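Going down the list, the protein sequences come from chains A and B.
Heads up: the first sequence begins at 1 in my numbering, then just goes up one per residue.
Heads up: the second sequence begins at 1 in my numbering, then just goes up one per residue.
Remarks on the structure that follows.
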Amino acid sequence: MAETNSQLSAVQGKLGSKVIETSEPQGDDVLILDRSDLRESFRILKEDPELDFAFLSDITAVDYWHKKEPRFEVVYQILSRAKRRRLRIRVPVPENDPSVESLTPLWRGANFMEREVWDLFGIRFIDHPDLRRILLYDEFKGYPLRKDYPVNLVQPRVPERPVDGTFVDERSRNKLLHLQKSLGSKI
Amino acid sequence: MKAETKELPSEIMELQMGPSHPATHGTIKFNLKLDGEKVLDCDVEVGFLHRGFDKSCEQATWTQVIPYTDRLNYASSLINNVGYALAVEKLIGAETPLRCQYIRVIVSELARLYDHLTCCGMAASELGAITAGFYMIEARELITRIIENLTGARLTVTYVRIGGLKHDLPHDFAESVARAFKTIRKLLDDCDRLLSRNRIFLDRLSNVGVISQETALSYCLTGPILRASGVDYDVRKAFPYLVYDQLDFEVPVGSRGDNYDRFLCRIREIEQSMKIVEQALANLPVGPVWIDDPLFVLPEKEKVYGSIEGLMHHFKIIMEGIHVPAGETYFAVEGGNGELGFYIVSDGGGRPYRIRVRPPCFIAMGAFHEMIKGYMVADIVPTFGMVNMIGGECDR
Numbered sequence: 001m002a003e004t005n006s007q008l009s010a011v012q013g014k015l016g017s018k019v020i021e022t023s024e025p026q027g028d029d030v031l032i033l034d035r036s037d038l039r040e041s042f043r044i045l046k047e048d049p050e051l052d053f054a055f056l057s058d059i060t061a062v063d064y065w066h067k068k069e070p071r072f073e074v075v076y077q078i079l080s081r082a083k084r085r086r087l088r089i090r091v092p093v094p095e096n097d098p099s100v101e102s103l104t105p106l107w108r109g110a111n112f113m114e115r116e117v118w119d120l121f122g123i124r125f126i127d128h129p130d131l132r133r134i135l136l137y138d139e140f141k142g143y144p145l146r147k148d149y150p151v152n153l154v155q156p157r158v159p160e161r162p163v164d165g166t167f168v169d170e171r172s173r174n175k176l177l178h179l180q181k182s183l184g185s186k187i
Numbered sequence: 001m002k003a004e005t006k007e008l009p010s011e012i013m014e015l016q017m018g019p020s021h022p023a024t025h026g027t028i029k030f031n032l033k034l035d036g037e038k039v040l041d042c043d044v045e046v047g048f049l050h051r052g053f054d055k056s057c058e059q060a061t062w063t064q065v066i067p068y069t070d071r072l073n074y075a076s077s078l079i080n081n082v083g084y085a086l087a088v089e090k091l092i093g094a095e096t097p098l099r100c101q102y103i104r105v106i107v108s109e110l111a112r113l114y115d116h117l118t119c120c121g122m123a124a125s126e127l128g129a130i131t132a133g134f135y136m137i138e139a140r141e142l143i144t145r146i147i148e149n150l151t152g153a154r155l156t157v158t159y160v161r162i163g164g165l166k167h168d169l170p171h172d173f174a175e176s177v178a179r180a181f182k183t184i185r186k187l188l189d190d191c192d193r194l195l196s197r198n199r200i201f202l203d204r205l206s207n208v209g210v211i212s213q214e215t216a217l218s219y220c221l222t223g224p225i226l227r228a229s230g231v232d233y234d235v236r237k238a239f240p241y242l243v244y245d246q247l248d249f250e251v252p253v254g255s256r257g258d259n260y261d262r263f264l265c266r267i268r269e270i271e272q273s274m275k276i277v278e279q280a281l282a283n284l285p286v287g288p289v290w291i292d293d294p295l296f297v298l299p300e301k302e303k304v305y306g307s308i309e310g311l312m313h314h315f316k317i318i319m320e321g322i323h324v325p326a327g328e329t330y331f332a333v334e335g336g337n338g339e340l341g342f343y344i345v346s347d348g349g350g351r352p353y354r355i356r357v358r359p360p361c362f363i364a365m366g367a368f369h370e371m372i373k374g375y376m377v378a379d380i381v382p383t384f385g386m387v388n389m390i391g392g393e394c395d396r
């Protein structure tokens, strides 16, 4: 227990006023961080030799609609392989401006995970190189993992996408033309 | 002669591979940019099998989520069950009896065997070594029969419960495992003779899909792909859960980070998994498999049908669900493809507020373009085979 506390206080010492709250539910180390300069905070966590949280494990989000203010929370799981410690970081994100800084410059694997959070929660990641929908299709309306998205909502059918750039076998069309010529307007 | 040959004019071709392609077992699409046969860039499109796992879980009770977890990585559904149950138990603060923990280790390792045999067998048969592929599928069939005998199902097992197991091991379990392992070892020996000095197989796998240690860590890869690059990160060793710290096993680590090392890592892990199962069976303690807490455990059927209290108890747990205290937690186990994490949030009710799965192969697909850049189109097949993408887990 003492070691846990020392780790959390070490993190708190390095990040200073960015830390809103620390807690230890079920023996996990949990940190609530302010979202301003988020990438810089993660850079310290990753590169500081004392902290050494060099491995990003997971990025996700939770929607606390009508339960908590601010509404969203982006949750990061990072770990230190050398020290065998995990750290969970929760970043509150308000509803009127759902955006946090992207971590892709630090971990390239954050790309897919942040795209998934954008896709399902509609939280934007600033400076993300390629923020597109990933699990759903581009025409999908709304963000299904938000709590105000009804579970039985049916999305409208989308028209077929233009096949621009796709290889089309012109020979079959020519064959049809030949047939039309030889048979007149019967076809 | 050389001076006379003109360079052939070539333009960059865009090719869409998938979503339904014989080599991409699982629906996934690669948007390739090709220069001749060389892959310049690869944009991976996932999500064809997305069915809203997270949203569905929010509608179900905590126990009703277990069948959903079966359908994540259906090649190792027992590990998914175990991981989910452990995450919920962590939030409850319950620890299952020792016998239950041993059985969970045994079933996890059987599922890992199943997963690796599927992956290696499919990869081998895709490269033309169809005999070796069939041998591994035969070995896998033996595991499937054990699992069927134990749980009553071949793939979607739903064996683990929150706070225990569906039921104890069948009485002839240890013998049937010993018999199966004997055959599997013989089959793996045959595969080794078929593959390890097979020129075609080696050429197709070695030095293909290379990913360096730094790149693998930067892409958050876990499991055999990360270990093939030389990082010995295994959740069973780094953050031991259940009784893994009391068992003697090694974590095979590669060095080059190519497809052959990934293949070897998986094959060695098969051996280690068999070793773990044998140790756990030898040390299996006697005792109950359920925690002693009526808040989470269904009453015995005699009580349900024989007394009103038992019936009410049963009804409350089935209809309302067990009540998990409010809070949030993360628990990770070593799945077939890497760290399989469950992040769960409870608001104190009978249904989960949020369940997030950290899908190891979804994250591995995020690094796929890095693995395949600069190689040939034909190299996509073994590289994709060694990533072992399972659509159910990748797209959820």
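Where a beta carbon is used, it is the ideal one built from N, C-alpha and C, also for glycine.
Because the structure is a prediction, the values reported are computed rather than measured.
Listed in chain order, the positions of the stretch 42–53 of chain B with a beta carbon within less than 8 Å of a beta carbon of chain A are VAL46, GLY47, HIS50, GLY52. Taking a C-beta cut-off of 9 Å against chain A, the contacting residues of the stretch 340–353 of chain B are GLY341, TYR343, VAL345, ASP347, TYR353, listed in chain order.
Within the same chain, LEU142, ILE143, ARG145, ILE146 come within 8 Å of B:ALA180 by CB-CB distance, once the 5 residues on both sides are set aside.
Among the bridge pairs identified by DSSP, B:PHE331 is matched with B:PHE342.
At a cut-off of 3 residues, the continuous stretches assigned as beta strand (DSSP E) that sit fully inside the stretch 32–90 of chain A are 55–63, 72–80.
If you check each beta-carbon in the stretch 77–93 of chain B against every beta-carbon of chain A, the ones closer than 9 Å belong to LYS90, LEU91, GLY93. Residue state for B:ARG185 is assigned as helix, using DSSP reduced to three classes.
Between A:PHE112 and B:GLY392, the gap from beta carbon to beta carbon reaches 9 Å or more. For A:LYS141, there is no enclosing alpha helix (DSSP H), as DSSP marks it with neither H nor E. At a cut-off of 9 Å between beta-carbon atoms, A:VAL75 makes contact with chain B.
When only Cα atoms are considered, A:GLY184 and A:PRO159 end up about 34 Å apart.
With a beta-carbon spacing of about 17 Å, B:PHE53 and B:ILE28 fall beyond the 8 Å limit used to define contacts. Using a Cβ distance threshold of 9 Å, B:ARG351 and B:TYR343 do not count as a contacting pair.
Straight-line spacing of the CA atoms in B:LYS301 and B:GLY152 works out to 19 Å. Residue state for B:VAL286 is assigned as coil, using DSSP reduced to three classes. Classified as buried, B:VAL324 has 16 or more neighbouring CB atoms from the shown chains inside 10 Å of its CB. Annotation for A:TRP65: ARG71, ARG146, LYS147, ASP148 place their beta carbon closer than 8 Å to its own, counting only its chain and skipping 5 residues before and after. Put simply, the CB of A:GLU101 is far from chain B, with every gap to its CB atoms at 9 Å or more. With respect to B:ILE184, B:LEU127 sits apart: the two C-beta atoms are not nearer than 9 Å. Burial state of B:TYR219 is buried, judged by a 10 Å Cβ sphere holding 16 or more other Cβ atoms.
Cβ-Cβ distances below 6 Å link B:GLY26 to MET389, GLY391 in the same chain, with the five nearest sequence neighbours on each side left out; the list follows chain order.
Around the beta carbon of B:ARG396, 16 or more other beta carbons sit within 10 angstroms, so the residue counts as buried.
Interface residue (Cβ-Cβ distance to chain B less than 9 Å): A:ASP148 is not classified as such. CA-CA distance, B:LEU194 to B:SER77, rounds to 30 Å.
Inter-residue distance for B:LEU91 and A:SER102 is about 30 Å (C-alpha atoms, whole angstroms). For B:ARG356, the C-beta contacts it makes with chain A under 7 Å involve THR60, in order along the chain. Residues of the stretch 322–335 of chain B with a C-beta atom less than 8 Å from some C-beta of chain A are GLY327, GLU328, THR329, TYR330, ALA332, listed in chain order. The C-beta of B:LEU8 has fewer than 16 other C-beta atoms within 10 Å across all chains shown, which makes the residue exposed. Contact annotation: the stretch 315–334 of chain B touches the stretch 64–83 of chain B, with at least three C-beta pairs closer than 8 Å. Between B:GLN59 and chain A, the shortest Cβ-Cβ separation is below 9 Å. Between B:VAL289 and B:ILE103, the gap from beta carbon to beta carbon is short of 9 Å. The Cβ of B:THR24 sits no closer than 9 Å to any Cβ of chain A. Sequence-distant Cβ neighbours of B:GLU58 in its own chain, meaning closer than 8 Å and more than five residues away, are ARG351, PRO352, TYR353, ARG354, ILE355. Under the three-state reduction of DSSP, B:MET389 is assigned to coil, being neither helix nor strand. With a cutoff of 9 Å on beta-carbon distance, B:GLU370 and B:GLY223 are scored as not near each other.
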